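J.: In order, the protein sequences belong to chains A and B. Note that the numbering used here gives residue 130 to position 130 of the first sequence, counting from 1, and the numbers run on in steps of one. Note that the numbering used here gives residue 267 to position 267 of the second sequence, counting from 1, and the numbers run on in steps of one. C-beta: ideal position from N, C-alpha, C; glycine also. All values derive from a computational prediction rather than experimental measurement. Please see the structure below; I have some questions.
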Amino acid sequence: MKKSSRGRLHWQPIIGATIVLFMLAVAIVGPFLMPYGEAEIVGFAFDLPSPEHPLGTDVLGRDVMTRLVYGARNSIGLALAVVVLSFLFGASLGLLSATLGRGVDFVLSRFFDLILAIPQKVFALLLLAILGTSLPVLIIVVAFLDSPRVFRISRAIGLEINALDFVETARLRGDSGLGIMLRETLPNSLPTLVSEFGLRFCFIFLFISALSFLGLGLQPPSADWGNMVRENASLIGFGEMMPLYPAFAIALLAVGVNLVTEWLAERWSNPAHE
Amino acid sequence: MSDIMSDMTQTSTPLVVFEDVRIEAGQASDPKVLAQGISFSLERGKVLGLIGESGAGKSTIGLAALGYLRGGCRVAGGRILLSGQDIVPDLGRKGVLDLRSTRIAYVAQSAAASFNPAYRLIDQCVEMALDRRLMSRAEAEERAHAYFKRFRIADPVEFGRRFPHQVSGGQLQRAMLAMAMLCQPEVIVFDEPTTALDVTTQIEVLATIRDALAEEGLAGIYISHDLALISQIADDIVVLRHGKIVEQGPTGQIVNAPEADYTRNLLDQTPLARQPDRTTRDAPRVDIRDAQGSYGQLKVLKGVDLRIGQAQSVALVGESGSGKSTLARALMGLFPLTSGRIELDGQQIGSLSSRKASVLQKLQLIHQYPDTALNPRQSIRKILTIPLRRFTRLRGAALEARLRELLRQVELPETLIDRYPPALSGGQKQRVCIARALAAEPEILVCDEVTASLDKLTADEITRLLGRLQTEQGLSTLLITHDFSLVRALADEVIVMRRGEVVEAGPMAEVTERPQHPYTRRLIASIPTFEPGWLDAQRVAEA
Chain A
1 MKKSSRGRLH WQPIIGATIV LFMLAVAIVG PFLMPYGEAE IVGFAFDLPS PEHPLGTDVL
61 GRDVMTRLVY GARNSIGLAL AVVVLSFLFG ASLGLLSATL GRGVDFVLSR FFDLILAIPQ
121 KVFALLLLAI LGTSLPVLII VVAFLDSPRV FRISRAIGLE INALDFVETA RLRGDSGLGI
181 MLRETLPNSL PTLVSEFGLR FCFIFLFISA LSFLGLGLQP PSADWGNMVR ENASLIGFGE
241 MMPLYPAFAI ALLAVGVNLV TEWLAERWSN PAHE
Chain B
1 MSDIMSDMTQ TSTPLVVFED VRIEAGQASD PKVLAQGISF SLERGKVLGL IGESGAGKST
61 IGLAALGYLR GGCRVAGGRI LLSGQDIVPD LGRKGVLDLR STRIAYVAQS AAASFNPAYR
121 LIDQCVEMAL DRRLMSRAEA EERAHAYFKR FRIADPVEFG RRFPHQVSGG QLQRAMLAMA
181 MLCQPEVIVF DEPTTALDVT TQIEVLATIR DALAEEGLAG IYISHDLALI SQIADDIVVL
241 RHGKIVEQGP TGQIVNAPEA DYTRNLLDQT PLARQPDRTT RDAPRVDIRD AQGSYGQLKV
301 LKGVDLRIGQ AQSVALVGES GSGKSTLARA LMGLFPLTSG RIELDGQQIG SLSSRKASVL
361 QKLQLIHQYP DTALNPRQSI RKILTIPLRR FTRLRGAALE ARLRELLRQV ELPETLIDRY
421 PPALSGGQKQ RVCIARALAA EPEILVCDEV TASLDKLTAD EITRLLGRLQ TEQGLSTLLI
481 THDFSLVRAL ADEVIVMRRG EVVEAGPMAE VTERPQHPYT RRLIASIPTF EPGWLDAQRV
541 AEA
């Protein structure tokens with residue numbers, strides 16, 4: 001991590017934070033400023049950009065600009081909820097597994113292996129078909145399916161940290177497993193976990209849009225960016241820009257989030273500079 | 001190529017010249033100076049010793065001679081010449097790459113970490129020669145085998161077929177020397193090549209290096225923190241401190257007539273002041289009887305007895321693999337014995353999880369590496385507060401006062417209290433580790449090679465501190481070490497271990513002055529001295 005020169009540290013968080021804050025502002029305030037509704041049909045399908053519809057209209061004649069803004073709220077909110085939940089679940093169990101070891105580690109590791117053994121999308125399909133596709137269910141199911149990866153990486157970092165002498169010192173003074181995990185292991189695994197958070201956040205976007213493609217993601221007429229790409233994909237063949245707007249929004253957010261998390265990880269991995 | 005050839009024939013030009021070299025890291029506007037005003041020259045066939053404590057810039061300078069700088073570092077001034085050629089601007093990136101290993105080679109400190117564990121030794125030794133198309137594979141292998149043989153490796157062909165983990169540290173270091181010499185370089189940079197080895201293995205590797213350089217007429221830059229060691233191999237010595245040259249000159253002059261105070265301190269052989277002997281007739285505090293233990297099939301403890309009396313200091317010495325650390329870990333409850341008894345004040349103590357808080361409090365361990373023994377994300381205050389809260393009833397103002405008292409006891413300034421470990425030097429970190437152990441108000445202190453990762457001056461300071469604490473607080477201590485100056489200064493009793501067995505035990509003065517067992521004699525004789533010809537004498541003695 002020391003490879004990056006100090007020069008990069010200065011613009012990296014600024015650009016990243018600008019992107020993320022802008023996206024968040026759009027997601028939170030945006031929907032109140034839009035003249036049209038999320039699912040309101042305001043014109044013909046695939047209208048070209050005009051003063052009333054700066055980015056044109058989509059396949060059903062809804063305002064693309066409006067749907068992008070609502071999409072920001074839905075997509076970011078959904079992905080954020082999923083990643084937070086998946087980290088709470090996966091990282092806490094991963095670190096616990098590494099710290100307690102033995103039986104606990106064995107049982108937890110095999111449990112997560114089991115989830116990993118079933119193809120993720122098929123498993124999602126199954127669970128969503130059984131449990132329905134309401135928003136809370138969607139969030140929990142996707143977070144659950146994403147957590148094995150978080151579990152495995154947290155467990156690996158945890159094992160590495162727990163081999164260090166300061167953890168042995170904690171054991172020698174009789175600290176409990178939970179105490180060691182919270183005081184010794186967790187703070188030292190944060191740099192890696194934070195950068196992993198940024199990465200997983202972007203994967204979740206793609207996963208949810210894949211689910212949407214199967215009709216199991218966010219249900220229409222709610223706008224989400226992944227969905228919007230798919231709905232309007234047919235336009236690509238005509239050389240139109242429209243499907244690229246939501247795709248571009250996803251890419252931009254991914255870059256922004258990773259710039260911020262990478263910078264945070266780098267900063268935190270060097271507590272002397274705090 | 002032609003000008004290189006002509007250079008090689010010019011014997012009058014020194015081989016390596018540093019001219020007022022300055023190396024910086026960080027931003028150009030606010031640079032961190034790693035080395036400055038570095039000037040020296042190295043003739044063909046000579047060995048130059050670079051000595052200094054960690055952070056003195058010796059590795060940075062050694063690597064710069066290879067035209068290599070770690071990420072973020074740069075040569076900000078001066079020139080580095082190889083046969084009169086300024087290597088950085090003249091040769092360019094490609095040229096510098098060609099230079100390495102064909103004209104300058106490198107032998108790293110930890111051979112175990114430098115070899116790729118997935119390839120056989122022979123493949124790694126010939127890789128550079130094949131990559132540079134200097135010779136055919138058969139030719140390269142033959143040369144490598146010849147070097148192995150010269151370095152006293154019994155079956156060179158079989159040795160080459162092995163993987164790095166299948167040979168010993170000393171053999172691996174010799175394989176790396178063979179790798180460095182294979183392409184017939186003019187200079188080899190040795191970066192602490194024997195630091196990770198036991199003292200007895202160190203002699204063997206050191207002698208091999210010296211003979212190999214002499215036979216081929218190669219020049220060497222030898223980096224070390226051990227002045228005695230360097231005096232055995234180097235023709236000239238450069239003493240470095242804080243990135244600057246303190247003193248430089250021929251070895252005899254540096255050793256016999258040093259000018260700088262710092263060099264004099266490094267040369268100081270006066271034994272550290274010793275506390276009066278503590279012999280006790282009371283029942284032992286710690287009593288280990290017939291300790292046996294194994295890692296899988298390998299028996300590491302074969303029936304070891306150990307007793308530590310009240311306020312007594314026992315040193316456990318031996319090479320790596322002797323079982324001394326394992327015995328200490330068994331005492332701490334970290335290693336389960338297969339048979340035998342460990343008693344504390346007459347009570348048997350078992351595995352860590354079965355020990356009561358009062359037992360945990362009485363026994364405190366100080367680790368070898370202060371870098372990994374402190375959580376880098378906890379401030380010094382936090383590190384010391386945790387054991388205080390766990391083992392004492394101090395709270396609030398009383399706890400705060402105790403924190404400051406602890407820092408005073410280990411001679412650290414109070415201003416460090418809110419700093420984090422990465423901001424501290426190695427010696428300061430080890431003091432924090434000692435303070436943390438003292439915070440628990442222990443009765444028995446187990447010190448696992450506490451001075452091994454420190455340079456001589458810092459190690460001496462830590463030794464003095466431990467001696468003072470022993471007397472002031474009446475602590476019983478178990479010292480696991482191979483450092484005989486630590487033993488002489490602190491220990492009352494010495495136990496010498498070899499391959500899981502005690503070969504000699506007795507009062508300190510007796511064991512160190514009149515060792516009975518040949519192994520003890522060899523251990524003591526293996527410590528480098530400033531005596532000219534010491535290395536040859538050791539070799540003869542061994543043969």
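Indicate whether at least one CB of chain B lies closer than 7 Å to the CB of LEU172 (chain A).
T.: Locating residue 172 (chain A) in the first sequence gives position 172, counting from the first residue. It does; some Cβ of chain B falls within 7 Å.
J.: Give me the Cα-Cα distance between SER50 (chain A) and PRO35 (chain A), rounded to the nearest whole angstrom.
T.: Along the first sequence, read from residue 1 onward, the residue named residue 50 (chain A) stands at position 50. Along the first sequence, read from residue 1 onward, the residue named residue 35 (chain A) stands at position 35. Between SER50 (chain A) and PRO35 (chain A), the C-alpha separation is close to 14 Å.
J.: Starting from the beta carbon of ASP165 (chain A), find every residue of chain B whose beta carbon is closer than 7 Å, and list them in chain order.
T.: Here the question's residue 165 (chain A) lines up with position 165 in the first sequence. Those within 7 Å of ASP165 (chain A) in chain B are HIS367, TYR369, THR372 and ALA373.
J.: Using a cut-off of 7 Å between C-beta atoms, extract the partners of PRO187 (chain A) located in chain B.
T.: Taking the first residue of the first sequence as 1, we reach residue 187 (chain A) at position 187. The contacting residues are ARG377.
J.: If contacts are defined as beta-carbon pairs under 8 Å, then GLY299 (chain A) and ARG152 (chain A) qualify, I think. What distance do you get, rounded to the angstrom?
T.: Nothing can be reported for residue 299 (chain A): it is not among the residues displayed for chain A, which extend from 1 to 274.
J.: Considering only the alpha carbon of each residue, which of B:LEU331, B:ALA214 and B:ARG402 lies closest to LEU352 (chain B)?
T.: Within the second sequence, residue 352 (chain B) is the residue found at index 352, counting from 1. For LEU352 (chain B), the nearest C-alpha among the options comes from B:LEU331.
J.: Give me the chain A residues within the contact set of PRO387 (chain B), using Cβ-Cβ distance strictly less than 8 Å, ordered along the chain.
T.: Position 387 of the second sequence holds residue 387 (chain B). Going along chain A in sequence order, the residues near PRO387 (chain B) (Cβ under 8 Å) are ARG173.
J.: Cβ closer than 9 Å: which chain B residues qualify as neighbours of THR192 (chain A)?
T.: The residue you call residue 192 (chain A) lines up with position 192 of the first sequence. Going along chain B, no residue has its Cβ under 9 Å from THR192 (chain A), so there is no contact; the nearest lies around 13 Å.
J.: Checking 7 Å against the spacing of the C-beta atoms, do PRO528 (chain B) and LEU240 (chain B) come in under that value?
T.: If you number the second sequence from 1, residue 528 (chain B) lands on position 528. If you number the second sequence from 1, residue 240 (chain B) lands on position 240. Result no, Cβ atoms of PRO528 (chain B) and LEU240 (chain B) do not sit closer than 7 Å.
J.: Does the Cβ-Cβ distance between SER354 (chain B) and ILE480 (chain B) come in under 7 Å?
T.: Looking up residue 354 (chain B) in the second sequence gives position 354. Looking up residue 480 (chain B) in the second sequence gives position 480. No, the Cβ-Cβ distance between SER354 (chain B) and ILE480 (chain B) is not below 7 Å.
J.: Could you tell me whether the Cβ atoms of ILE104 (chain B) and LEU130 (chain B) are closer together than 7 Å?
T.: Locating residue 104 (chain B) in the second sequence gives position 104, where the first residue counts as 1. Locating residue 130 (chain B) in the second sequence gives position 130, where the first residue counts as 1. No, they are not a contact pair.
J.: Which residues in chain B sit within 8 Å of THR169 (chain A), going by Cβ to Cβ distance?
T.: Here residue 169 (chain A) corresponds to residue number 169 of the first sequence, with the count starting at 1. Residues of chain B passing the Cβ test: LEU365, HIS367, ALA373 and ARG436.
J.: Residues of chain A with CB under 8 Å from LEU360 (chain B), in chain order?
T.: Counting from 1 along the second sequence, the entry for residue 360 (chain B) is found at position 360. Result: LEU172, ARG173 and GLY174.
J.: Taking the alpha carbon of LEU186 (chain A) as the reference point, which residue from A:ARG155, A:ARG200 and A:ILE140 has its own alpha carbon closest?
T.: Stepping through the first sequence from its first residue, residue 186 (chain A) is reached at position 186. The option with the nearest alpha carbon to LEU186 (chain A) is A:ARG155.
J.: State the Cα-Cα distance for the pair ALA435 (chain B) and PRO387 (chain B), rounded to the nearest angstrom.
T.: Your numbering for residue 435 (chain B) matches position 435 in the second sequence. Your numbering for residue 387 (chain B) matches position 387 in the second sequence. Roughly 10 Å separates the two Cα atoms.
J.: Once you ignore the five residues that flank PRO14 (chain B) on each side, which residues in its own chain have a CB closer than 7 Å to its CB?
T.: Walking along the second sequence from the start, residue 14 (chain B) turns up at place 14. Answer for PRO14 (chain B): SER41, LEU42 and GLU43, listed in chain order.
J.: Can you say whether ASN375 (chain B) is buried or exposed, counting buried as having 16 or more other CB atoms within 10 angstroms of its CB?
T.: For the purposes of this step, residue 375 (chain B) is identified with residue 375 of the second sequence, where counting begins at 1. Looking at its Cβ environment, which holds 16 or more other Cβ atoms inside 10 Å, ASN375 (chain B) is buried.
J.: Considering only heavy atoms of the ligand ADP, does any lie closer than 6 Å to the CB of THR458 (chain B)?
T.: The ligand ADP is not part of this structure, which contains no ligands at all.
J.: So, are the CB atoms of SER526 (chain B) and THR208 (chain B) less than 7 Å apart?
T.: In the second sequence, residue 526 (chain B) corresponds to position 526, counting from 1. In the second sequence, residue 208 (chain B) corresponds to position 208, counting from 1. Not in contact: SER526 (chain B) and THR208 (chain B) (Cβ atoms no closer than 7 Å).
J.: Contact defined as beta carbons within less than 8 Å: I believe GLU38 (chain A) pairs with ALA247 (chain A). What is the distance between those atoms, to the nearest angstrom?
T.: Here residue 38 (chain A) refers to the residue found at position 38 when the first sequence is read from its first residue. Here residue 247 (chain A) refers to the residue found at position 247 when the first sequence is read from its first residue. Incorrect: roughly 19 Å between the Cβ atoms, too far for contact.
J.: Does the beta carbon of ALA113 (chain B) come closer than 7 Å to any beta carbon on chain A?
T.: One-based indexing of the second sequence puts residue 113 (chain B) at position 113. It does not: the Cβ of ALA113 (chain B) has no partner Cβ on chain A nearer than 7 Å.
J.: Can you give the Cα-Cα distance for LEU145 (chain A) and ILE204 (chain A), rounded to whole angstroms?
T.: Residue mapping note: residue 145 (chain A) aligns to position 145 of the first sequence, counting from 1. Residue mapping note: residue 204 (chain A) aligns to position 204 of the first sequence, counting from 1. Taking the straight line from one Cα to the other gives about 10 Å.
J.: Quick one: is GLU184 (chain A) near chain B, going by C-beta distance under 7 Å?
T.: Working through the first sequence from its first residue, we reach residue 184 (chain A) at position 184. For GLU184 (chain A), the answer is yes, since a Cβ of chain B falls inside 7 Å of its Cβ.
J.: Quick one: what's GLU24 (chain B) bridged to in DSSP?
T.: As a working note, residue 24 (chain B) is residue 24 in the second sequence. In the DSSP output, where bridge partners are listed per residue, GLU24 (chain B) has B:VAL33 and B:ARG74.
J.: Listed from N- to C-terminal order along the chain, which residues in the region 389–406 of chain B have their beta-carbon within a distance smaller than 9 Å of any beta-carbon of chain A?
T.: Residues ARG390 and PHE391.
J.: Is it true that the region 417–427 of chain B meets the region 222–240 of chain A, where meeting means three or more beta-carbon pairs spaced less than 8 Å apart?
T.: Flag = no, the region 417–427 of chain B and the region 222–240 of chain A do not touch.
J.: Taking 7 Å as the threshold (C-beta atoms), are VAL189 (chain B) and TYR68 (chain B) in contact?
T.: Here residue 68 (chain B) is taken as the residue at index 68 of the second sequence, counted from 1. Here residue 189 (chain B) is taken as the residue at index 189 of the second sequence, counted from 1. No, the Cβ-Cβ distance between TYR68 (chain B) and VAL189 (chain B) is not below 7 Å.
J.: Closer than 9 Å between beta carbons: that is the criterion. Which residues of the region 163–185 of chain B meet it against chain A?
T.: Result list empty, no residue passes.
J.: Taking the alpha-carbon of VAL450 (chain B) as reference, which of B:LEU490, B:GLY160 and B:GLY303 has the nearest alpha-carbon?
T.: To locate residue 450 (chain B), count along the second sequence from 1; it is residue 450. With distances taken between Cα atoms, VAL450 (chain B) lies closest to B:LEU490.
J.: Going by CA-CA distance only, name the one from A:ASP63, A:PRO243, A:TYR70 and A:TRP11 that's closest to ALA27 (chain A).
T.: Locating residue 27 (chain A) in the first sequence gives position 27, where the first residue counts as 1. Of the listed residues, the one whose Cα sits closest to ALA27 (chain A) is A:TYR70.
J.: Please state whether the Cβ-Cβ distance between LEU384 (chain B) and LEU406 (chain B) is less than 7 Å.
T.: Looking up residue 384 (chain B) in the second sequence gives position 384. Looking up residue 406 (chain B) in the second sequence gives position 406. Going by C-beta atoms, LEU384 (chain B) is nearer than 7 Å to LEU406 (chain B).
J.: Applying the 10 Å Cβ sphere with the 16-neighbour rule, what's the burial state of ASP198 (chain B)?
T.: Position 198 of the second sequence holds residue 198 (chain B). Burial call: buried.
J.: Return the bridge partner residues of ILE342 (chain B) from the DSSP annotation.
T.: For the purposes of this step, residue 342 (chain B) is identified with residue 342 of the second sequence, where counting begins at 1. Paired residues: B:ILE288.
J.: Report the rounded CA-to-CA distance for ILE87 (chain B) versus GLU24 (chain B), giving the unit in angstroms.
T.: What you label residue 87 (chain B) is simply residue 87 of the second sequence in a count that begins at 1. What you label residue 24 (chain B) is simply residue 24 of the second sequence in a count that begins at 1. C-alpha separation (whole angstroms): 18 Å.
J.: What residues in the region 500–522 of chain B bring their beta carbon closer than 9 Å to a beta carbon of chain A?
T.: Residues passing the 9 Å Cβ filter: none.
J.: Near ASN162 (chain A), what residues of its chain come up, given a Cβ to Cβ distance below 7 Å and the 5 sequence neighbours on each side ignored?
T.: Position 162 of the first sequence, counted from the start, is the residue given in the question as residue 162 (chain A). Excluding sequence neighbours, ASN162 (chain A) sits near ALA98, THR99 and THR185.
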